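Since the structure comes first, as structure tokens, the remarks are kept for the end.
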Amino acid sequence: MKLLSQRLNHAFNGRLKRLQSGIIATGLSAAVALGAVATSPDVQADALEDIESRGTVRIAVPQDFPPFGSVGTDLEPRGYDIDMANYLADEMGVELELITVTSANRIPYLQTGQADLVISSLGKNPEREAAIDFSDAYAPFFLGVFSADEDENVESPEGLADKTIGVTRGAVEDMELSEIAPDSTTVQRFEDNATTISAFLSGQVDYVATGNVVAAEIAERNSDRAPSLVYQLKDSPCYVGMNKNEPALMEEVNRLIAQALEDGTLNEMSQRWFSADLPENFGS
Amino acid sequence: MGPTLDFLTLLPYVSELLKGLTTTVILTVVTTLTGLALAVVVAYMRANAQPWVRWGLGGYVELTRNTPFIVQLFFIFFGLPGLGIKIDAITAAFIAMTLNLAAYSAEILRAGISATAKGQLEAGRALGMTTLQSYRHVVLVPAFARVYPALISQSIIVMLGSAVVSQISVFDLTYAANFIQSRNFRSFEVYLLITLIYLLLAFGMRRSFMLVGKRVFAYQQGEQR
Numbered sequence: 001m002k003l004l005s006q007r008l009n010h011a012f013n014g015r016l017k018r019l020q021s022g023i024i025a026t027g028l029s030a031a032v033a034l035g036a037v038a039t040s041p042d043v044q045a046d047a048l049e050d051i052e053s054r055g056t057v058r059i060a061v062p063q064d065f066p067p068f069g070s071v072g073t074d075l076e077p078r079g080y081d082i083d084m085a086n087y088l089a090d091e092m093g094v095e096l097e098l099i100t101v102t103s104a105n106r107i108p109y110l111q112t113g114q115a116d117l118v119i120s121s122l123g124k125n126p127e128r129e130a131a132i133d134f135s136d137a138y139a140p141f142f143l144g145v146f147s148a149d150e151d152e153n154v155e156s157p158e159g160l161a162d163k164t165i166g167v168t169r170g171a172v173e174d175m176e177l178s179e180i181a182p183d184s185t186t187v188q189r190f191e192d193n194a195t196t197i198s199a200f201l202s203g204q205v206d207y208v209a210t211g212n213v214v215a216a217e218i219a220e221r222n223s224d225r226a227p228s229l230v231y232q233l234k235d236s237p238c239y240v241g242m243n244k245n246e247p248a249l250m251e252e253v254n255r256l257i258a259q260a261l262e263d264g265t266l267n268e269m270s271q272r273w274f275s276a277d278l279p280e281n282f283g284s
Numbered sequence: 001m002g003p004t005l006d007f008l009t010l011l012p013y014v015s016e017l018l019k020g021l022t023t024t025v026i027l028t029v030v031t032t033l034t035g036l037a038l039a040v041v042v043a044y045m046r047a048n049a050q051p052w053v054r055w056g057l058g059g060y061v062e063l064t065r066n067t068p069f070i071v072q073l074f075f076i077f078f079g080l081p082g083l084g085i086k087i088d089a090i091t092a093a094f095i096a097m098t099l100n101l102a103a104y105s106a107e108i109l110r111a112g113i114s115a116t117a118k119g120q121l122e123a124g125r126a127l128g129m130t131t132l133q134s135y136r137h138v139v140l141v142p143a144f145a146r147v148y149p150a151l152i153s154q155s156i157i158v159m160l161g162s163a164v165v166s167q168i169s170v171f172d173l174t175y176a177a178n179f180i181q182s183r184n185f186r187s188f189e190v191y192l193l194i195t196l197i198y199l200l201l202a203f204g205m206r207r208s209f210m211l212v213g214k215r216v217f218a219y220q221q222g223e224q225r
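Protein sequence lines correspond, in order, to chains A and B. Residue 284 is where the first sequence ends in full-length UniProt numbering, and the numbering goes up by one at each step. Residue 225 is where the second sequence ends in full-length UniProt numbering, and the numbering goes up by one at each step.
Given below as structure tokens:
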């Protein structure tokens, strides 16, 4: 009971502080913007320096998008993105302040200076690239053909010949698969994701085309028929988002991502949250 | 400017439509024959078999008539593999439709059969027919003739209900329409077209049934009908 009230108190204080600092930050950035107009344009705020002097990095993470970010039974945020945020903070030697965001407000949080980094299963597209900068890829996010058989891998679409593959009709993976599948492939289209998954789990189809996140969810619920990747259809990995023109912060984040890829940290996270190794082409 | 109708956008999909139509027609023809045949057996046995057989068949008929068709279909396709019985989509569709039509038709037939006075059957026996012969000529054929219009309607209902098999990935007419709609987003044109096709199929079925009925029940012209 006491613990809960402490936690509530803490959360409330945290929010209040964040609100205050938000107001101050907004005021500051307005002042800086005004100043920048008056003085030379190449005077820049250095976000990395700010983080180090503050001793805290503020990272926006999702709370409604498992396995990237969700709230666990202990009410603490958990997921791939949260692990990534923890890793970055640890390596930078600063405290971590998590800010939970939705997919709609994650970029505004960054732009208004309320978050230093966005680690929120963020994919690249031209509109976003105009607004913010992206690091190197830190998490796999792709569509693929998965099989119940663990040791199966095909190099090209021809390898899908004579296979029966279940897919949700009209989904992006249906379009991608229909485009590349050889004539002898039978594509069985189902009404929605749930029916497609049922068809796979009941053994009515031995192959399913879907996203790696869905595949991870199936694996978590039904480990004796865990889908394993056979062929990748479309790759759209996730990147860490940050404000434009922060070369020092960008360099640091990319260095840490490369290090995590090198020493197996990312692969461990992938196994933990997606029940699968990182795809072979990841980071290349 | 409102949206304009453009049926030409369906042209690239003619082969899908034909494939779907073929599947629907084959499914319908086969399940109508198997379903009605099974119905005769069920109706006969419900009237004449051992009590436990009657009781079992009664359970089947009630179970089928009081549960949604799509649930029956999903049970056969998604549920049975849990018991180790894996049936592919088209076979599952055949089985579900046959069982469905048979249950309803058996009930319809039973009404026709019970309308036959018991004395008629005894008269048949008195004329030297075997039990099966007298059952066939005195009971079954007249019973069929009596309920024939209801059987036609029931068969058409099952044909229209076959649209549901698209949900377990059977490439029938509705599957073709859903497929096309997910590609060209022309819902109005696609669904209007298959509405007309289903309408024609239903009319065609009714006419064929009538022609068959005219031949089979020719002896009764001017009597009972």
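Glycine included, C-beta positions come from ideal geometry on N, C-alpha and C. Model, not experiment: these values are computed from the prediction.
Burial state of residue i (16 or more Cβ within 10 Å)
| i | result |
| --- | --- |
| A:Trp273 | buried |
| A:Arg106 | buried |
| B:Asp172 | buried |
| B:Leu66 | In the sequence as presented, Leu is not what sits at residue 66 of chain B; that position holds Asn. B:Asn66 comes out exposed. |
| A:Val118 | buried |
| B:Leu200 | exposed |
| residue 335 of chain A | The question about residue 335 of chain A has no answer here: the residues shown for chain A are numbered 1 through 284. |
| A:Arg169 | buried |
| A:Ser147 | buried |
| B:Ala106 | buried |
| A:Ala194 | exposed |
| A:Leu28 | Legend: pLDDT at A:Leu28 = 45, less than 50; position of this residue unreliable, value from coordinates given subsequently. Under this definition A:Leu28 is an exposed residue. |
| B:Lys118 | exposed |
| A:Glu179 | exposed |
| A:Glu246 | buried |
Contacts around residue i, its chain only, beta-carbon distance under 8 Å, and the 5 residues preceding and following it disregarded
| i | result |
| --- | --- |
| A:Thr26 | Reliability of the predicted coordinates at A:Thr26 is poor, the pLDDT of 48 falling under 50, and no value is obtained from them. |
| B:Gly58 | Arg46 |
| B:Thr116 | Val138, Val139, Pro142 and Ala143 |
| A:Arg128 | Ile107, Leu122, Phe134 and Gly241 |
| A:Leu256 | Tyr87, Leu88, Glu91 and Met92 |
| B:Ser182 | none |
| A:Asp192 | Thr168 |
| A:Glu49 | Ala248 |
CB-CB length for residue i against residue j, believed under 8 Å
| i | j | result |
| --- | --- | --- |
| A:Ile51 | A:Ala85 | Contact doesn't hold; Cβ gap of about 13 Å is too wide. |
| A:Ala161 | A:Ser184 | 5 Å |
| B:Thr98 | B:Gly35 | 5 Å |
| A:Tyr80 | A:Ala137 | That belief does not hold up - the Cβ atoms of A:Tyr80 and A:Ala137 are roughly 13 Å apart, past 8 Å. |
| A:Tyr109 | A:Gly159 | Rounded, the Cβ-Cβ distance is 43 Å, inconsistent with contact. |
| A:Asp263 | A:Gln271 | Wrong, their Cβ atoms sit about 14 Å apart, outside the cutoff. |
| A:Ser275 | A:Ala219 | 4 Å |
| B:Tyr191 | B:Gly20 | 13 Å between Cβ atoms; not a contact. |
| A:Pro77 | A:Phe68 | About 10 Å; that fails the 8 Å criterion. |
| A:Leu143 | A:Ala209 | 7 Å |
| B:Leu83 | B:Thr31 | Wrong, their Cβ atoms sit about 23 Å apart, outside the cutoff. |
Straight-line Cα distance separating residue j from residue i
| i | j | result |
| --- | --- | --- |
| B:Gln72 | B:Tyr60 | 12 Å |
| A:Val214 | B:Arg206 | 47 Å |
| B:Pro51 | A:Glu173 | 54 Å |
| A:Phe190 | B:Val164 | 12 Å |
| B:Ile108 | B:Leu5 | 44 Å |
| B:Phe144 | B:Ser187 | 41 Å |
| B:Leu193 | B:Thr24 | 15 Å |
| B:Phe75 | B:Leu11 | 36 Å |
| B:Glu122 | A:Thr186 | 58 Å |
| B:Val216 | B:Leu132 | 19 Å |
| A:Ser228 | B:Ile95 | 33 Å |
| A:Pro279 | B:Val53 | 58 Å |
| A:Leu266 | A:Ser53 | 28 Å |
| A:Ser236 | A:Glu152 | 22 Å |
| A:Gly203 | A:Leu249 | 48 Å |
| B:Val14 | B:Asn178 | 14 Å |
| B:Thr28 | B:Ile85 | 24 Å |
Residues near residue i in its chain [Cβ-Cβ closer than 7 Å; skip 5 each side]
| i | result |
| --- | --- |
| B:Val170 | Thr23, Ala89, Ile90 and Ala93 |
| B:Leu63 | none |
Any non-hydrogen atom of the ligand SAM within 8 Å of residue i CB
| i | result |
| --- | --- |
| A:Lys234 | Here there are no bound small molecules, and the ligand SAM is not part of this structure. |
Cut-off 6 Å between Cβ atoms - residues of its own chain near residue i, not counting five sequence neighbours on either side
| i | result |
| --- | --- |
| B:Phe209 | Ile152 |
| A:Asp206 | Ala148 |
| A:Gly211 | Leu143 |
Could you list the residues in the region 192 to 204 of chain A with a C-beta less than 8 Å from some C-beta on chain B, going in chain order? Thr195, Ser198, Ala199, Ser202, Gly203 and Gln204
Taking a cut of 7 Å between CB atoms, which residues from the region 141 to 168 of chain B lie near chain A? Gln167
To be precise: take each residue of the region 170 to 193 of chain B, compare its Cβ to all Cβ atoms of chain A, and keep it if any distance is under 7 Å. Which residues remain? Asn178, Phe179 and Ser182
Residues in the region 17 to 33 of chain B with C-beta within 9 Å of chain A's C-beta atoms, listed in sequence order? none
Can you pull out the residues from the region 148 to 174 of chain A whose beta carbon lies closer than 8 Å to at least one beta carbon of chain B? Gly166, Arg169, Gly170 and Asp174
Tell me which residues of the region 64 to 90 of chain B have at least one Cβ-Cβ distance to chain A shorter than 9 Å, keeping chain order. Phe74, Phe77, Phe78, Gly79, Leu80, Pro81, Gly82, Lys86, Ile87, Asp88 and Ala89
Closer than 8 Å, Cβ to any Cβ of chain B: which residues of the region 222 to 243 of chain A, in chain order? none
What residues in the region 264 to 282 of chain A have a beta carbon less than 7 Å from any beta carbon of chain B? none
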